[in-house]
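Residues 1 to 177 in the UniProt record's numbering are what the sequence shown lists, from first letter to last.
Just so you know, even glycine gets a beta-carbon here, dropped at the ideal spot from N, CA and C.
If you're wondering where the values come from, they're calculated on a predicted model, not measured in any experiment.
To keep things clear, I will list the structure first and then write my remarks on it.
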Amino acid sequence: MWLLFGFLISVCGADEILDRSDGPHHVSKIVRGDRKSIINFPYMASVGAFNSTSQVVTAHWCGASIIDHEWLLTAAHCFRNLRQADWQQRGALVGSDYVKGIPDAGAQMLPIANGYVHEDHNNDICLIKGWGDTGQDSGPHKPLMGFVMRSIPKREMRVSKGSLFYRCPKRCHHVLW
Numbered sequence: 001m002w003l004l005f006g007f008l009i010s011v012c013g014a015d016e017i018l019d020r021s022d023g024p025h026h027v028s029k030i031v032r033g034d035r036k037s038i039i040n041f042p043y044m045a046s047v048g049a050f051n052s053t054s055q056v057v058t059a060h061w062c063g064a065s066i067i068d069h070e071w072l073l074t075a076a077h078c079f080r081n082l083r084q085a086d087w088q089q090r091g092a093l094v095g096s097d098y099v100k101g102i103p104d105a106g107a108q109m110l111p112i113a114n115g116y117v118h119e120d121h122n123n124d125i126c127l128i129k130g131w132g133d134t135g136q137d138s139g140p141h142k143p144l145m146g147f148v149m150r151s152i153p154k155r156e157m158r159v160s161k162g163s164l165f166y167r168c169p170k171r172c173h174h175v176l177w
């Protein structure tokens, strides 16, 4: 359950919601993170444009969490305004530290059969059937990056516009491409 919360906060903690129908836009970033291995975070996937001829994900749009053998969980704003017919042009890269260039041995590029955006878009949940950045204005970098966030004592917790503070058991790992 904590993995799911970590994913949701990492992906959904953006200050604004952007329309991804015209290509990738990145808002939330991991700045000065450390390189992470997919071995330690095997539930991570990269979702993007998919070339069905070459079976390659050609552009990273958003990160996702693998929640079972055929479902991914991602943010609804990644697919806002996407027509149902366009779902088959999206794909998911799993088992790789990289979202650009040649994927790791053992990585799989999987086509997306369908997606289900939550009807109340403000909940920012999207189920898909079938990555942070080095700076605020940069595109995704090749290796998986992450950081460890300390547990926030309850007395320090507060809610501010566009932010969600929560208590981790001891340390929370946040990973993005």
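Counting other Cβ atoms within 10 Å of its Cβ, residue 97 reaches 16 or more and is therefore classed as buried. Taking 3 residues as the shortest admissible run, the segment 37-91 contains the following complete beta strand (DSSP E) segments, listed from N- to C-terminal end: 44-51, 56-68 and 71-74.
The shortest CA-to-CA distance from residue 44 to any of 71, 90, 33 and 116 is the one to 71. Per DSSP, the beta-bridge partners of residue 128 are 72 and 115. In this structure residue 68 is exposed. Its beta-carbon is surrounded by fewer than 16 other beta-carbon atoms within 10 angstroms. Between the C-alpha atoms of residue 83 and residue 89 there is a straight-line separation of about 11 angstroms. Closest by C-alpha distance to residue 112, out of 106, 123 and 130, is 130.
With respect to the 8 angstroms criterion, residue 122 and residue 87 are not classified as neighbours on the basis of their beta carbons. In this structure, residue 58 and residue 49 form a Cβ contact; the two beta carbons are roughly 5 angstroms apart against a cut-off of 8 angstroms. Residue 77 and residue 110 have their C-alpha atoms spaced approximately 21 angstroms apart.
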